[in-house]
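Residue 413 in UniProt numbering sits at position 413 of the sequence shown, and the numbers go up by one each step. The beta carbon of each residue, even a glycine, is placed where N, CA and C say it ideally should be. Only a predicted model underlies this, so the values are computations on that prediction, with no experimental measurement involved.
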Amino acid sequence: MDATREMGGGSGSSTPNTGASTPALNTDSIQTQLTTLGFRPAHIASCLSALTAANERLHTSGAANNDPLVLSLSILSPLEAAIEWLLLHLPEDDLPVRYRPTSSSQDMVTGAAKGGQNQLVRGWLVDKLVRKAGFPRAAVEAAVAVEERESLALEYLGRRLCGWDEDAGWGLETLTPADPDEERDILRDEEVLALEALLGERFREEAGKEGARELAISVASAPDDLTLHVVFDSASPYPSAQYPTRPPAFYLTSNTLPAYMRLALHADMLRQFRGDRHDLVGMLEAGSGGVVLSMVEHLETSLPDVVANPPNVADVTKHLVPRPDDDEPEEKRTAPQKEKKTRGKRKHRAATAEQHEAARQQQKRMMADPAYEEMMRVRRSLPAWKERENICTALESNRVLVVVGETGCGKSTQLPQFLLDHEIEAGRGADTNIIVTQPRRVAAMGVAARVAQERLEDVDKTPGTVGYAIRGERRASPDTRVLFCTTGVVLRRLATADADLAGVSHVVVDEAHERGVDTDLLICLLRDLLARNSTIKVVLMSATINEQIFIDYFGGCPSLTIPGFTHPVTDHYLEDLVPEIKYRPTASRFGPKLSEDQKAAMRRDYEKLGLEHEDMRALEILSQNDRIDYGLVAATVKHIVDTSTSGAVLIFMPGVMEIRACVAELNSAGLGAVDILPLHANLSSAEQRRVFAPTKGRKIVVATNVAETSVTIPDVVYVVDTGRVKETQYDASVGLQRLVECWTSRASGRQRRGRAGRTQPGQCYKLYTRRTESNSMARFPVPEILRTPLESLFLQVKAMDEDTDVKAFLSRALDPPKIDAIDAAWTTLLDLGAVESEKHSAHLTALGRHMSMLPVDVRLAKMLVLATIFRCLDPILTVAALLSSKPLFTSPLDRREEARKARESFARARSDLLTDARAYAAVAGLKRSEARSFCETNFISQSAVRDISSLRGDFVSALAQIGFIGSRASDIDAASVNAGNDALVKAILVGGLYPRVARIALPEAQFERLQQGAIQKEHEAREVKFFDAQGRVFLHPSSVLFNESGWRKGYLAYFAKAETSKVFLRDATDVPLYALLLFGGPVTVNHWAGGLMLGKDGAVKLRANTRIGVLCAQLRRLLDAQLAEAVDSPHGAADVKEDVVGAMMALLARDGLSA
């Protein structure tokens, strides 16, 4: 390819210049190369003229340009752009041999399997007139539907070719079959004898259908051959003086001339009979025959000119195939363009003295309320209260402060209030705007509710000075001075509307020690923001977990430490607990095995504790089990319930499935009057709040690590810590993300321990040994930025400043990611079409800018943008929501087969995702009373249905905010008119999932012999193999495609790949090849030998005609160019022209097969 670019001359810049000079094209070199490739001189001349004009526009216009040739020149060499222009503008049969598609046996099937003899004859005639005569198939089928006799069909097509449909004397109504006439047959015999005598070997006669005679006369043989075929049958009146407007029925064939040239010669020949040549007119009127020889002579004369000056294809066929009316509505052409938004310069108006005084009076009224004194009594008892003055004083003289405090010290609820009260007392209350970030939604809502309660407010009913904002939900008012947000909400504000956080007085980053990727990004941005915003102040709140890294990051900023627990907590390790509860586990055949040396060392430790043999045996079994022992958990909780009378129990589990299994075990453990409540992020807000409310029985909360920080359940006295956590680990070298259950860190263990003893001395039961804590648990958790994909992070950074070099930016992070992780994420964005080039400083594409404005995973964002443009939004909304929530279907261990069959009953389009989308649609269309029974029968999770409905609403709001759609139901319907087009919907899925595709490898074909012949046997599901770029992969058994046998060669797309016993693919979809070409990675075309590659590394290679790749690449460039215009358009996606979308849909409709 590089050599190709050198031969073509010197364009190829991805960014158009606006200077006065235009680089000259080396047209002589390009002409020589195109001639060598076999293109016609006339076509080369037209191409060079167009290329020169496009080059001028490219280098003199700074505006966006949707000209396909200009787009090609901007990224290809001039020679490659010229080849693409020719491939797109020339008919397939006028291309050099190397660029023509190979014939396929499938092309010769006439479709006559049904309909009997008449259908067979009709199919034969259609194929003949299309393949030999060169007429467009649609026109031929229309003609044959009117007249199945060959001569009349040819006359019909000829007159339509000339546009004479309704002309007097020459219109279609004159084409009636002739009556039998012996004299006409004699005249035909005489003409045939004359032709044989005069033309010799150039003439031959062929037998036609049903007694017809067909004359074949060679008009020319070199360099271009042309044969005139004349049909004499009983329906044709030639020769006859009664039919002076009916020349002989004829058509032209050639092995070298394309169909459009032959049709041009055909039309020109007919016009000679209508008056251009009086001798031919006279011969028809005389009715004595002899015109065929004159036709040969005329064709010999006109052929060289047509070859030297090829006609325009559209002009030749304009009456056979009318051009679509592509005029735009006047209002769209003249609509004013929306003024481009300038980001990050929101103006803030300073508050007046009256407003400051109003804030002071409001505070006085709150403090005078008797209920406030009770709240103050509780607040003063917290360790954080003693540091109130120190915190406020430190921020008076410093802009950054690190506050370190153990769990339970009250920093999350008290520090924002300290700042607010201090600012009000200092006369700055009306200018105070404190943002407090939390890593989780439940924490943001919970802490906001507690702070509001302490200030005698109800954030859920009437937000006052305290509010919260999470994705899809905001509770705040104009009086709100403290806003609790998830970190993602603040990042979106920085990216879209307020890069400098104008008007914000303080940003408090809570739980900074958790080191989530969003938190690390925010801290990095805040350090840069301090230089731009001279008034803002930053507080980082951290547990005592490696807090020195934050202090060093902000140049040695001051720090304050708040003392820890309000009550002591007693630890009970596994070796303390097992002798007490006499638990005896069953040995497992699976899991890691300890060596004899390890077992001996363990026994020595236990012997020092004076443990009995049975207890040591139990500990040995438990230490070798890498799974949670739910019996042990239940026995521990029963021990707590039996030995105490009050205090809630908090159990930490690694995930939702483990919570369910634990709840089931507890329900069967005979615990008495208890209320067992789950707590995890997938629950609704109302369900999450239940854990904070009083219960009738003793409260037992089974939670993920969502309860580890910020969220405080006041009545918890006992913590049961399994020591396990599910952690996302990403291997950038293979693009594999693993959700791994592993030991939590010692720092997280201290956080869990801190949940106990908030109101009285607490107890922490650690279901692991001291030896495990010391040897297997890391001191600190690995920062998320080092173990997750970085694509969304890159988009966020680029959306804030497109000129940012993301690699350089992330090198300034607290813990910079590895280079291979950065490169892998950038490659993914390149494959998704979100960035312009491989350089890390490259700008976002138009698609990338749209994607960055949607608060979802980058793949889902691309799906939503494309679905809006192609008007198939509804199913994609559901798919995006499905992939953002917990599984829709449940699969109980004891009813797994029933659950599988229930899911398969919704199977759609060989796709897991569309299957689940169909199931959701079935539930969504039911009344609430009917839905519950339907869900139970079909193993559908009702809470998942609620989550999906909520997420769909969030996505619609996000699309409406960027102007792509309206927010009304009718707007969604209008954006979903193609929702039933499975091929299109699957193409949109490919657009978002690429490069997550796997090749389908079929075994050798086997045939079964039958009496009528042999048929190919279907492959068994286990014989089909799948391979991605890293090697063999497997469909997950839960996939509806797992037992699929009717596979064809091709590819499937998937959303997730995870390694357990094997590398499994989840959420798989069988995809059309044209979906990959139009919506997969960047298309690289071999302009010389054919063949296509997708993606930067060519992971997907396809054997395909060069023209197909050029067509797909050009359509994608046009779509990108129109997306660029739509970024600032008042019509959003509506401004993407239907011609581009329509062309893509036409290719997808039949996956490239001809009609």
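Using DSSP bridges, identify the partner residues of residue i.
| i | result |
| --- | --- |
| D1028 | G1031 |
| A1058 | F1064 |
| I509 | The amino acid occupying residue 509 in the given sequence is Val; Ile does not appear at that position. In DSSP, V509 forms a bridge with T437, L540. |
| D571 | C764 |
| Y251 | H229 |
| M800 | Its beta-bridge partners do not exist; DSSP assigns none. |
Exposed or buried, what is residue i when buried is set at 16 or more other beta-carbons lying within 10 Å of its beta-carbon?
| i | result |
| --- | --- |
| R333 | Confidence is the limiting factor: at R333 the pLDDT is only 38, short of 50, which leaves the residue's position unreliable and the question unanswerable from this model. |
| K901 | exposed |
| T1106 | buried |
| S240 | buried |
| P694 | exposed |
| S463 | In the sequence as presented, Ser is not what sits at residue 463; that position holds Pro. By the 10 Å Cβ count, P463 comes out buried. |
| A1001 | exposed |
| G405 | buried |
| P370 | exposed |
| T586 | exposed |
| D94 | buried |
| F590 | Residue placement at F590 is flagged as unreliable, the pLDDT there being 48, under the threshold of 50; the coordinate-derived value follows with that caveat. Label assigned to F590: exposed. |
| V945 | buried |
Return the CA-CA distance between residue i and residue j, expressed in angstroms with no decimal places.
| i | j | result |
| --- | --- | --- |
| T309 | S46 | Reading the sequence as shown, one finds Asn at residue 309 and not Thr. For N309 and S46, the distance between alpha carbons rounds to 10 angstroms. |
| M657 | Q598 | 32 angstroms |
| A846 | L494 | 20 angstroms |
| A53 | D67 | 11 angstroms |
| G158 | E190 | 26 angstroms |
| R849 | R1116 | 16 angstroms |
| V806 | I551 | 24 angstroms |
| V230 | S221 | 18 angstroms |
| N775 | E687 | 38 angstroms |
| F203 | K128 | 20 angstroms |
| residue 1156 | A909 | No answer is possible for residue 1156: the residues shown for the chain start at 1 and end at 1155. |
| N938 | L893 | 15 angstroms |
| L73 | I962 | 31 angstroms |
| E708 | Q453 | 22 angstroms |
Is it the case that the Cβ atoms of residue i and residue j are separated by a distance below 7 angstroms?
| i | j | result |
| --- | --- | --- |
| L619 | V578 | yes |
| L790 | Y553 | no |
| S885 | D947 | yes |
| L683 | T722 | no |
| V316 | L270 | no |
| S542 | A512 | yes |
| V649 | I700 | yes |
| G1109 | G1095 | no |
| V725 | P654 | yes |
Using a Cβ-Cβ cut-off of 6 angstroms (strictly less than) and excluding sequence neighbours within five positions of residue i, which residues of its own chain qualify?
| i | result |
| --- | --- |
| G38 | P96 |
| D225 | S254, N255, T256 |
| E514 | P439 |
| T227 | A216, S218, T253 |
| V400 | V538, F554, C557 |
| T915 | F906, A907, R908, V1040 |
| R441 | I470, T486 |
| H1131 | Any reading at H1131 must be qualified, since the residue scores a pLDDT of 49, below 50, and its modelled position is unreliable; the value itself is stated next. Cβ within range, chain order: n/a, list empty. |
| A1104 | L1092 |
| R755 | L650, V716, V719 |
Which same chain residues, not among the five before or five after residue i, have their C-beta less than 8 angstroms away from its C-beta?
| i | result |
| --- | --- |
| M1145 | F870, N978, N981, L984 |
| L1035 | F1026, L1041, F1042, F1064, L1065, A1068 |
| R603 | M616, E620 |
| E802 | H843, L844 |
Please return the same chain residues whose Cβ sits closer than 7 angstroms to the Cβ of residue i, not counting the five positions on each side in sequence.
| i | result |
| --- | --- |
| V517 | E784, I785, T788, L793 |
| A609 | Sequence check: residue 609 is Leu here, not Ala. Excluding residues within five positions, the ones whose Cβ falls inside 7 angstroms are E575. |
| A661 | Y630 |
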